[in-house]
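Enquirer: In my numbering, the protein residues as written are 27 to 399. Here it is, the structure in full.
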């Protein structure tokens with residue numbers, strides 16, 4: 027039985043800059059839950075942001091996988107992406123990312139094959155090798171405490187997932203007769219018709235490992251500048267030096283995740299990011315919770331160590347008025363040469379996050395908002 031290998035078009039990876047933005051702008055959503063709000067509130071905010079950013083010409087909208095964090099409601103990216111697909115019509119949707127060692131590759135291939143069927147030509151599959159949580163939760167997810175082994179097996183897991191997506195295990199392989207459905211096998215069944223495309227695979231990272239692997243495989247690369255800023259330029263350099271052309275890409279393509287929050291008033295931006303820093307302090311010290319309000323952060327007595335952490339953390343958050351955020355993003359692009367900027371705005375209020383993307387769009391003269399689909 028002959029098989030058609032699904033393809034990934036390069037224009038499904040590369041975006042086009044809009045307005046005066048130096049590169050395409052995109053969104054990374056952690057589906058943050060603020061104190062006094064519910065997960066349902068956070069998910070409704072995600073829909074509102076996806077619809078707004080689609081109407082303003084943002085290129086893609088990714089959801090990150092996290093677990094056992096009360097203030098982050100993105101434990102199931104595939105479920106959230108299916109919901110967002112029903113409320114949008116153009117913007118690319120994807121995972122930023124799915125943590126591959128937490129899941130069987132076949133399950134991911136089935137989930138993203140389903141998403142591709144729901145939103146043809148709009149789905150990205152971003153993959154990471156970190157657990158997206160603490161060690162105990164990762165062990166519960168994987169039903170194993172051998173967490174290092176899962177990370178070390180990442181290249182093999184990636185190869186297995188890719189073969190499921192392409193339905194091209196070789197003869198004699200134990201998985202040769204196993205098929206990810208929806209997927210390419212449907213095109214080879216009697217009377218079958220199936221899209222020849224599949225979601226492009228991206229590798230995500232915060233160090234050099236995934237950068238080098240993505241380059242050697244000719245895959246697009248997404249770097250977590252928002253929490254590993256000191257490694258951004260070395261990782262991007264390594265990716266570009268390691269790059270080998272592939273069926274997906276002729277030349278490197280790298281985006282970076284950027285913490286950015288624009289408000290109408292500079293003082294309000296400082297209040298918002300200080301509250302977000304307090305949330306991160308609690309997470310890093312084993313006390314994860316909902317994102318506190320700015321008022322709670324103002325009333326909190328920061329210890330000298332907490333004060334230093336907040337200062338250091340917020341040094342890598344581009345925040346302020348729309349003009350200040352635009353200038354910060356422009357400078358970051360010049361320093362890194364990133365092909366795309368993916369903005370993540372962490373704030374207690376969904377309205378503040380929504381307004382931030384609107385202000386950034388206005389600052390760059392992105393297309394005026396059209397009627398939501």
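Where a beta carbon is used, it is the ideal one built from N, C-alpha and C, also for glycine.
What residues in its chain sit with their C-beta under 8 Å from that of residue 73, if we drop five residues either side in the sequence?
Expert: Counting from one through the chain shown, the residue named residue 73 turns up at place 47. Excluding residues within five positions, the ones whose Cβ falls inside 8 Å are 109, 110 and 113.
Enquirer: Starting from residue 307, trace the alpha helix (DSSP H) in both directions and tell me its first and last residue.
Expert: As a first step, residue 307 is located in the chain shown; it is residue number 281 there, counting from the start. Segment 292-310, the alpha helix (DSSP H) holding residue 307.
Enquirer: Which word fits residue 201, buried or exposed, when buried means at least 16 other C-beta atoms lie within 10 angstroms of its C-beta?
Expert: Along the chain shown, read from residue 1 onward, the residue named residue 201 stands at position 175. Exposed, because fewer than 16 other Cβ atoms sit within 10 Å of the Cβ of residue 201.
Enquirer: Let's test the definition: count the other Cβ atoms within 10 Å of the Cβ of residue 192 and tell me whether it reaches 16, buried, or not, exposed.
Expert: Start at 1 with the first residue of the chain shown, and residue 192 comes out as number 166. So residue 192 counts as buried.
Enquirer: Rounded to whole angstroms, what's the CA-CA distance from residue 300 to residue 41? Just pull it up for me.
Expert: As a working mapping, residue 300 is identified with position 274 in the chain shown. As a working mapping, residue 41 is identified with position 15 in the chain shown. Going from the Cα of residue 300 to the Cα of residue 41 covers about 33 Å.
Enquirer: What does the alpha-carbon distance come out to for the pair residue 36 and residue 291?
Expert: What you label residue 36 is simply residue 10 of the chain shown in a count that begins at 1. What you label residue 291 is simply residue 265 of the chain shown in a count that begins at 1. Their backbone Cα atoms lie some 40 Å apart in a straight line.
Enquirer: Measuring CB to CB, does residue 210 end up less than 7 Å from residue 228?
Expert: Looking up residue 210 in the chain shown gives position 184. Looking up residue 228 in the chain shown gives position 202. No.
Enquirer: By the 10 Å Cβ neighbour count, where 16 or more other Cβ atoms means buried, how is residue 46 classified, buried or exposed?
Expert: Looking up residue 46 in the chain shown gives position 20. Result: exposed.
Enquirer: Taking all protein chains shown into account, decide if residue 2 is buried (16 or more other Cβ within 10 angstroms of its Cβ) or exposed.
Expert: Residue coverage of the chain in this structure runs from 27 to 399, which leaves residue 2 outside it and unanswerable.
Enquirer: Check whether the Cβ atoms of residue 157 and residue 38 lie closer than 7 Å to each other.
Expert: As a working note, residue 157 is residue 131 in the chain shown. As a working note, residue 38 is residue 12 in the chain shown. Not closer than 7 Å, so no.
Enquirer: Where residue 340 and residue 125 are concerned, what is the direct C-alpha to C-alpha distance, given to the nearest angstrom?
Expert: On the chain shown, residue 340 is found 314 positions in, with the first residue counted as 1. On the chain shown, residue 125 is found 99 positions in, with the first residue counted as 1. Approximately 26 Å between the Cα atoms of the pair.
Enquirer: Would the C-beta of residue 72 count as close to the ligand NAD, meaning under 6 Å from any of its heavy atoms?
Expert: Here there are no bound small molecules, and the ligand NAD is not part of this structure.
Enquirer: Which residue wins for smallest C-alpha separation from residue 57, given the options 139, 188 and 67?
Expert: As a working mapping, residue 57 is identified with position 31 in the chain shown. Of 139, 188 and 67, the residue nearest in Cα terms is 67.
Enquirer: Thinking just about the alpha-carbon of each residue, which of 94, 53 and 390 is nearest to the one in residue 166?
Expert: Reading the chain shown from its first residue, position 140 is the one you call residue 166. Comparing Cα-Cα distances from residue 166 to each of 94, 53 and 390, the minimum goes to 94.
Enquirer: Quick one: residues in its chain with C-beta nearer than 8 Å to the C-beta of residue 277, no 5 flanking neighbours on either side, listed in chain order?
Expert: For the purposes of this step, residue 277 is taken as the residue at position 251 of the chain shown. Answer for residue 277: 269 and 271, listed in chain order.
Enquirer: Residue 341 by DSSP, collapsed to three states: which one?
Expert: One-based indexing of the chain shown puts residue 341 at position 315. Residue 341: coil per DSSP, three-state reduction.
Enquirer: Evaluate residue 219 with the Cβ neighbour count: other Cβ atoms within 10 Å of its Cβ, from every protein chain shown; 16 or more gives buried, anything less gives exposed.
Expert: Counting from 1 along the chain shown, the entry for residue 219 is found at position 193. So residue 219 ends up on the exposed side.
Enquirer: Using the three-state DSSP reduction, which class does residue 391 fall into: helix, strand or coil?
Expert: The residue labelled residue 391 in the question sits at position 365 within the chain shown. Coil, per DSSP.
Enquirer: Excluding sequence positions up to five away, which residues of its chain have a Cβ less than 7 Å from the Cβ of residue 97?
Expert: Taking the first residue of the chain shown as position 1, residue 97 is located at position 71. Excluding positions up to five away in sequence, the list reads 58, 59, 305, 314, 315, 316 and 317.
Enquirer: Quick check: what's the CA-CA separation for residue 116 versus residue 394?
Expert: Locating residue 116 in the chain shown gives position 90, where the first residue counts as 1. Locating residue 394 in the chain shown gives position 368, where the first residue counts as 1. Answer to the nearest angstrom: the Cα atoms are 15 Å apart.
Enquirer: If you pair each beta-carbon of the region 353-361 with each one of the region 328-335, do three or more pairs fall below 8 Å?
Expert: Output reads no: the region 328-335 does not touch the region 353-361.
Enquirer: What separation, rounded to the nearest whole angstrom, lies between the Cα atoms of residue 242 and residue 150?
Expert: Within the chain shown, numbered from 1, the residue matching residue 242 stands at position 216. Within the chain shown, numbered from 1, the residue matching residue 150 stands at position 124. Cα-Cα distance, rounded: 20 Å.
Enquirer: Measuring alpha carbon to alpha carbon, tell me which residue in 279, 43, 335 and 249 is nearest residue 123.
Expert: Within the chain shown, the letter at position 97 stands for residue 123. Of the candidates 279, 43, 335 and 249, the one whose C-alpha sits nearest the C-alpha of residue 123 is 249.
Enquirer: What does the Cβ neighbour count give for residue 127, buried or exposed, with the cut at 16 atoms within 10 Å?
Expert: As a first step, residue 127 is located in the chain shown; it is residue number 101 there, counting from the start. It is buried - the Cβ of residue 127 has at least 16 other Cβ atoms within 10 Å.
Enquirer: Return yes when the Cβ of residue 237 is within less than 7 Å of the Cβ of residue 365, no when it is not.
Expert: Stepping through the chain shown from its first residue, residue 365 is reached at position 339. Stepping through the chain shown from its first residue, residue 237 is reached at position 211. No, these two residues do not count as a Cβ contact at 7 Å.
Enquirer: Taking the alpha-carbon positions, what's the residue 307 to residue 371 distance?
Expert: Residue 307 sits at position 281 when you count from the first residue of the chain shown. Residue 371 sits at position 345 when you count from the first residue of the chain shown. Taking the straight line joining both Cα atoms gives about 17 Å.
Enquirer: In three-state DSSP terms, what is residue 64?
Expert: Walking along the chain shown from the start, residue 64 turns up at place 38. Three-state DSSP puts residue 64 in coil, outside helix and strand.
Enquirer: The beta strand (DSSP E) with residue 370 in it runs from where to where?
Expert: Sequence index remark: in the chain shown, residue 370 carries index 344 (1-based). Its beta strand (DSSP E) spans residues 366-370.
Enquirer: Just curious, the beta strand (DSSP E) that residue 55 is in, first and last residue?
Expert: Within the chain shown, numbered from 1, the residue matching residue 55 stands at position 29. 51-55 is the extent of the beta strand (DSSP E) around residue 55.
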